[in-house]
């Protein structure tokens, strides 16, 4: 059933509050002083002129930040050497934004420039200076994994193909810029308002940085204007706002200016892919090999996770015998990178999906036929050990092919028109990347038959709070409108890792289901006594409680609640629930999908027009079909945007297009027609059979569009974005 978003009215009327709306008594404005150089030694910092400026209340320099670390190897402020353009060197708090900006300009920093390593290739050259002492050859992290005997399977393969692909740096492009409001006026209590995908991880990071206990840090998350993996961990401005607040004795707000957003954001960096496969002459895929080089920038935080995600994904879609994966994170003098939207998986699939299309072409096979021949099914166990309890991949392929009349179009369209397929999978959870993947929830039933639901899962705009209310309402036989979702305050939120790795609906949804079941069991005792039946024979539906098959004996839900609360025992109805994947590693459920894109290429300009995308996605069960379609639409937009438009252009470590005007994205009228096909496989482990839909669709979009372009022009373009100049170059070739 389609339900309206619980926060929909507030969002469209402008009543929703965001961190940037916070105004505290005596609050100061903070500004950050940033390095103009990609690699330089700091010789001197002179703050005297800034300190003398009227209205300046506090200045922090590296001395004030000594010992505070972010992530694996990043000091909050540099220890003598800056490693990227935009590197935070100092910060100032003043009475207003204007004074703070003026003071920041008055802080004079003397630099001695050093050799810049602005690319993966330069950083890996013999004799290149080490950017981090422990990173030999500037390799920050390396993973090598073999499953089966890939060398033997390659040797026995009839057909072996190897391709190279490139994806370039991008921005997460959420609607809400980075902002942090910190109140550290008490030495034993830090309060921070900021958008985040994980208040728990932020709380732990800030507590560790300032030597506080976890409960001494309070994170308040209001509405958030998107995340796209760009708000999963703390950034320097969170700590700097707190340091300034402690030094000034007043709350401080630091917010990104337009150009600052592009150096404060830590989206994905450049990645080089070498992909190799072996197959039989009939088209049966036997072995896959991938060698990935990630530009991780100046520091590493949690980027090691990307090697876990991409190595697991290499054999997620195909029934193969062996696989080899190598992933390396390379330090450069670029801004510290993290994840693209798509978690690195969509970007890998840009290459892998094109490679598979090329293999099918080599063997004279239709891509639909090739994918159906090799696609995984329910019951399959991957080389990594992941078991698919539900899998609708083949159904997605078949339904999109039928809906688009693929057989009548593929290879038969006029020149400069093309059609292409993209398939994908996505895990619902993060078990194995953290010590646990727990979500908890508790619910309180009130006398009027309403419910207060307490969860630690933030809503980043994807309607996850409405989804939680739908799950709770289904358990108790009420409506989502009867439920008030309470979240966004670590002082009261139950434990939850957060809203990333597509874990919200599955993990927190299961916790909510368990909490509401606990509350229902408490209410069932009262109802069973009144109706004279066993508790297990009761039905909770349509605001009523009645014995199975006897709706005429129904008692109003509100009455059952009232009688329970006012019983002789004076019961208090509070349901508790939690969920943690029983697996040691991995997740209990994966979503699957297929998209077919239809494009038209302008041979004069190289512009690609995406005319239509037909998207079929196995979501387990669609808890709210309209929102599922909205998620698909948003990810088709993001996938199209990344594959055709988005690129953070870097030159000598400098972002050359640091504004939403120069950083290209599609406009609304460039969005294609989207045909939705929701495939329901009812996963046995998901809440009411549901799986993720928050990031799976984007995995299909990029490769589908890229393959359609190849079909249109007859030449594969191996570097993303497929900008007009790259199309023209391919046409010329």
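Numbering (the working numbering), first residue to last: 1 to 733.
Don't be surprised by glycine CBs; every beta carbon is placed ideally from N, CA and C.
All values derive from a computational prediction rather than experimental measurement.
Residue 617: buried (16+ other C-beta within 10 angstroms of its C-beta) or exposed?
For the purposes of this step, residue 617 is identified with residue 617 of the chain shown, where counting begins at 1. Residue 617 comes out buried.
Backbone CA spacing between residue 595 and residue 422 [nearest angstrom]:
Taking the first residue of the chain shown as position 1, residue 595 is located at position 595. Taking the first residue of the chain shown as position 1, residue 422 is located at position 422. As the crow flies, the alpha-carbon of residue 595 is around 5 Å from that of residue 422.
I'd like to check one pair, residue 42 with residue 80: are the Cβ atoms closer than 8 Å?
The sequence position of residue 80 within the chain shown is 80, counting from 1. The sequence position of residue 42 within the chain shown is 42, counting from 1. In this structure, residue 42 lies closer than 8 Å to residue 80 by Cβ.
So residue 547 is in the beta strand (DSSP E); what residue range does that whole segment cover?
The residue you call residue 547 lines up with position 547 of the chain shown. In the DSSP assignment, residue 547 falls within the unbroken beta strand (DSSP E) covering 544-547.
Give the single residue among 420, 499, 655 whose Cα lies nearest to the Cα of residue 705.
Reading the chain shown from its first residue, position 705 is the one you call residue 705. 420 is the residue among 420, 499, 655 whose C-alpha sits nearest the C-alpha of residue 705.
What residue from 369, 281, 59 has the CA that sits closest to residue 248's CA?
Looking up residue 248 in the chain shown gives position 248. Proximity to residue 248 across 369, 281, 59 peaks at 59, based on C-alpha coordinates.
Check whether the stretch 687-702 touches the stretch 623-640, counting contact only when three or more Cβ pairs, one atom from each stretch, lie closer than 8 Å.
Yes: at least three Cβ pairs fall under 8 Å.
Around the C-beta of residue 648, are 16 or more other C-beta atoms found within 10 angstroms, so that it is buried, or is it exposed?
As a working mapping, residue 648 is identified with position 648 in the chain shown. With 16 or more other Cβ atoms within 10 Å, it is buried.
Compare the Cα-Cα distances from residue 144 to each of 303, 269, 324, 309 and report the closest residue.
If you number the chain shown from 1, residue 144 lands on position 144. Nearest of 303, 269, 324, 309 to residue 144, Cα basis: 324.
Where in the stretch 431-500 do unbroken runs of the alpha helix (DSSP H), each at least 4 residues long, occur, reported from the N-terminal end onward?
Complete alpha helix (DSSP H) runs here, min 4: 464-476.
Residue 288 vs residue 315 beta-carbon contact at 8 Å
Here residue 288 is taken as the residue at index 288 of the chain shown, counted from 1. Here residue 315 is taken as the residue at index 315 of the chain shown, counted from 1. Cβ atoms of residue 288 and residue 315: closer than 8 Å.
Closest residue to residue 505 among 127, 646, 670, 427 (Cα-Cα distance)
What you label residue 505 is simply residue 505 of the chain shown in a count that begins at 1. Looking only at 127, 646, 670, 427, the smallest Cα-Cα distance to residue 505 is reached by 427.
Closer than 8 Å by C-beta to residue 152: which residues in its own chain qualify, once you throw out the five before and the five after it? Chain order, please.
Numbered from its first residue, the chain shown carries residue 152 at position 152. Around residue 152, the same chain offers 322 as residues with beta carbons nearer than 8 Å, after the five sequence neighbours per side are excluded.
Would you tell me roughly how many angstroms separate the C-alpha atoms of residue 644 and residue 171, rounded to the nearest one?
Here residue 644 refers to the residue found at position 644 when the chain shown is read from its first residue. Here residue 171 refers to the residue found at position 171 when the chain shown is read from its first residue. Counting only the Cα atoms, residue 171 lies some 14 Å from residue 644.
Name the residue from 478, 94, 454 whose alpha carbon lies nearest to the alpha carbon of residue 745.
What is shown of the chain runs 1 to 733, which leaves residue 745 out entirely.
Provide the residue(s) that pair with residue 159 in DSSP beta bridges, ordered along the chain.
Here residue 159 is taken as the residue at index 159 of the chain shown, counted from 1. BP columns for residue 159 point to 279.
Spatial distance of residue 692 from residue 13 (CA atoms):
Taking the first residue of the chain shown as 1, we reach residue 692 at position 692. Taking the first residue of the chain shown as 1, we reach residue 13 at position 13. About 29 Å.
My parser needs the beta strand (DSSP E) runs of 3 or more residues fully inside the stretch 182-245; what are they?
Qualifying beta strand (DSSP E) stretches, in chain order: 189-193, 217-220.
C-alpha gap between residue 157 and residue 724, whole angstroms
Counting from 1 along the chain shown, the entry for residue 157 is found at position 157. Counting from 1 along the chain shown, the entry for residue 724 is found at position 724. Their Cα atoms are separated by approximately 37 Å.
When the Cα of residue 330 is compared with those of 342, 390, 141, which residue comes out closest?
As a working note, residue 330 is residue 330 in the chain shown. Residue 141 is the option with its Cα nearest to residue 330.
Exposed or buried, residue 667, counting other C-beta atoms within 10 Å across all chains shown (16 or more means buried)?
Working through the chain shown from its first residue, we reach residue 667 at position 667. Exposed, because fewer than 16 other Cβ atoms sit within 10 Å of the Cβ of residue 667.
What residues in its chain sit with their C-beta under 6 Å from that of residue 576, if we drop five residues either side in the sequence?
In the chain shown, counting from the first residue as 1, residue 576 sits at position 576. The residues are 442, 515, 518.
Need the endpoints of the beta strand (DSSP E) that residue 614 sits in, please.
Residue 614 sits at position 614 when you count from the first residue of the chain shown. For residue 614, the enclosing beta strand (DSSP E) stretches over residues 608-618.
Alpha carbon to alpha carbon, how far is residue 150 from residue 380? Give it in angstroms, no decimals.
Locating residue 380 in the chain shown gives position 380, counting from the first residue. Locating residue 150 in the chain shown gives position 150, counting from the first residue. Spanning the two alpha carbons is a distance of roughly 20 Å.
Going by beta carbon distance, what residues of the same chain come within less than 7 Å of residue 608, once the five residues before and after it are set aside?
Working through the chain shown from its first residue, we reach residue 608 at position 608. Within the same chain, 599, 601, 644, 709, 722, 727 come within 7 Å of residue 608 by CB-CB distance, once the 5 residues on both sides are set aside.
On the criterion of 16 or more Cβ atoms from any shown chain inside 10 Å, does residue 400 qualify as buried, or is it exposed?
Stepping through the chain shown from its first residue, residue 400 is reached at position 400. The residue is buried, with at least 16 neighbouring Cβ atoms inside 10 Å.
Between which two residues does the beta strand (DSSP E) containing residue 320 stretch?
To locate residue 320, count along the chain shown from 1; it is residue 320. Where residue 320 is concerned, there is no enclosing beta strand (DSSP E), given that its DSSP letter is neither H nor E.
Taking residue 421 as part of the beta strand (DSSP E), name the residues at either end of that continuous run.
Mapped onto the chain shown, residue 421 falls at position 421. First-last of the beta strand (DSSP E) with residue 421: 417-427.
Buried versus exposed call for residue 333 [16 or more other C-beta atoms within 10 Å across all chains shown]:
As a first step, residue 333 is located in the chain shown; it is residue number 333 there, counting from the start. Buried is the call here.
Name the DSSP bridge partner or partners of residue 540?
Along the chain shown, read from residue 1 onward, the residue named residue 540 stands at position 540. DSSP, once it has assigned bridges, lists 545 as partnering residue 540.
Helix, strand or coil for residue 264? Go by DSSP, reduced to three states.
Taking the chain shown and counting its residues from 1, one reaches residue 264 at position 264. Helix, per DSSP.
Of the residues 209, 165, 55, 411, which one's Cα is nearest the Cα of residue 368?
The residue labelled residue 368 in the question sits at position 368 within the chain shown. Residue 411 is the option with its Cα nearest to residue 368.
Under 6 Å Cβ to Cβ from residue 467, same chain only, skipping five residues before and after it: list those, please.
Position 467 of the chain shown, counting from 1, holds the residue named residue 467. Excluding residues within five positions, the ones whose Cβ falls inside 6 Å are 505, 623.
Could you check if residue 121 is buried or exposed, using at least 16 other CB atoms within 10 Å of its CB as the buried criterion?
For the purposes of this step, residue 121 is identified with residue 121 of the chain shown, where counting begins at 1. Counting C-beta atoms within 10 angstroms of its own C-beta, residue 121 has fewer than 16 neighbours from the protein chains shown and is therefore classed as exposed.
Tell whether a beta-carbon distance below 8 Å holds between residue 429 and residue 437.
Sequence index remark: in the chain shown, residue 429 carries index 429 (1-based). Sequence index remark: in the chain shown, residue 437 carries index 437 (1-based). Yes, the pair counts as a contact, with Cβ atoms nearer than the cut-off.
Simplified DSSP assignment, three categories, for residue 676
To locate residue 676, count along the chain shown from 1; it is residue 676. In this structure, residue 676 counts as strand in the three-state DSSP scheme.
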